[in-house]
Structures are given as structure tokens and as C-alpha cells.
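Comments concern the structure below.
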Amino acid sequence: MAMAVIGCTVMTDGKAVSDSEDAPAYRTSASSSVAASAATSSIRASERAAAETTKAIHSVCETMAISSAEAVSNVNTYVAAVNGDGDVEASKQPAIDALNNSADTVEPAITAKVTGELRDSLSAWVTSSRATAGNIAAAVDPVAFNTSVATMNSARQRALELCDATYR
């Protein structure tokens with residue numbers, strides 16, 4: 001087995017000296033390059049943050065839309081039963097469960113990235129759906145129940161309007 005060592009055997013004489021005429025231009029160029037790189041990095045970070053916020057908002061909105069539709073459907077079945085078109089006891093628990101399930105899935109999806117009126121309207125849905133579930137369980141009088149449902153429907157409608165606006 002043969003081994004070879006290769007290296008530079010000639011050194012250049014002289015002294016390293018910067019070109020005093022080109023040095024200021026180089027410094028300016030390097031400084032501009034660093035500033036441009038920092039600006040680009042900042043823009044990318046902002047774009048990433050905006051994308052994460054949009055993703056969080058769309059996620060909670062989708063969760064709310066799907067789970068609230070199921071809840072409303074079950075509440076409508078319960079209301080129909082109460083109005084004489086079905087089995088009240090058989091429709092009661094599914095309505096309660098669907099309302100609580102919606103609240104339980106929407107609430108943790110309301111992250112810090114979901115702010116302002118959208119956050120408030122989603123929180124109002126959570127609160128009103130739990131209140132309506134409690135009113136169904138307690139078999140409150142029709143006036144109290146209808147008030148609860150109206151509050152819940154308003155909260156749902158507003159949340160869905162704000163969610164829809166995030167897709168435009």
C-alpha cells in the first residue's frame with residue numbers, strides 16, 4: 001500500500017494589505033447584504049406566523065362548523081319530539097351529548113392565535129351550547145329553553161360569519 005502526502009511547497013513573499021480604495025465599497029456592500037438578509041428573514045418569519053395563525057383559525061372554524069351542525073340537528077330532533085313528533089326521552093340525551101361535545105371540541109381549539117371578535121364569538125358558542133345542554137337536562141320551561149336556543153343560534157351564526165370571512 002502506497003501513501004502520498006501532497007502539500008504546497010512554495011510560499012509567496014509579501015505582506016497582506018487591504019486596498020484602501022475598495023475597502024469602503026466592500027464594507028457598504030457587506031453591510032447592505034447583511035441588512036437585506038435580515039429583512040428577508042424577518043419577512044419569512046412574519047409570513048410563517050401569519051400562515052400558522054390562518055391554519056389555527058381555519059382549524060377551529062372547521063371544528064365549530066362540523067360539531068355545531070351535529071348539535072343543532074340533535075337539538076332540532078329534540079324540539080320536534082317535545083312538540084309531539086317523537087320520543088322526548090330518546091332524543092334528549094343525544095341533544096345534550098352533541099351540544100357538550102361541540103363545546104368540548106371547540107373550546108381547546110380556541111388557541112392564542114385566535115383573537116378578537118372571532119375568539120369572543122367562538123367562546124360564546126361554547127358557553128351557550130353548554131347552557132342549552134343544561135337547560136335540556138333540567139327540562140326548563142319553554143320560555144327559558146327558547147331563550148337559550150336563541151342565544152345559542154345567534155352565537156353560532158356570528159361565529160360562522162366570522163369564520164367564513166377568514167376564507168376571503
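Just so we're aligned: 134 in full-length UniProt numbering is position 134 of the sequence shown, and the numbers increase by one with no gaps anywhere. All C-beta atoms in this analysis are idealised placements derived from N, C-alpha and C, irrespective of residue type, glycine included.
Would you mind stating whether I57 and K113 have Cβ atoms separated by less than 8 angstroms? Yes.
What three-state label does DSSP hand E21 in the structure shown? Here E21 sits in coil by DSSP.
Every unbroken alpha helix (DSSP H) within the stretch 85-141, with a cutoff of 4 residues, ordered by chain: Complete alpha helix (DSSP H) runs here, min 4: 88-109 and 116-138.
Distance, A131 Cα to S148 Cα: Near 7 angstroms, if we compare the C-alpha coordinates of A131 and S148.
T127: which of S67, E107, S46 and A45 sits nearest, CA to CA? Answer by Cα proximity: E107.
Check whether the stretch 93-103 touches the stretch 56-76, counting contact only when three or more Cβ pairs, one atom from each stretch, lie closer than 8 angstroms. Cβ pair count under 8 angstroms is three or more, so yes.
Closest by CA to T77, which one among V60, I66 and L99? Taking only the C-alpha atoms, the option nearest T77 is L99.
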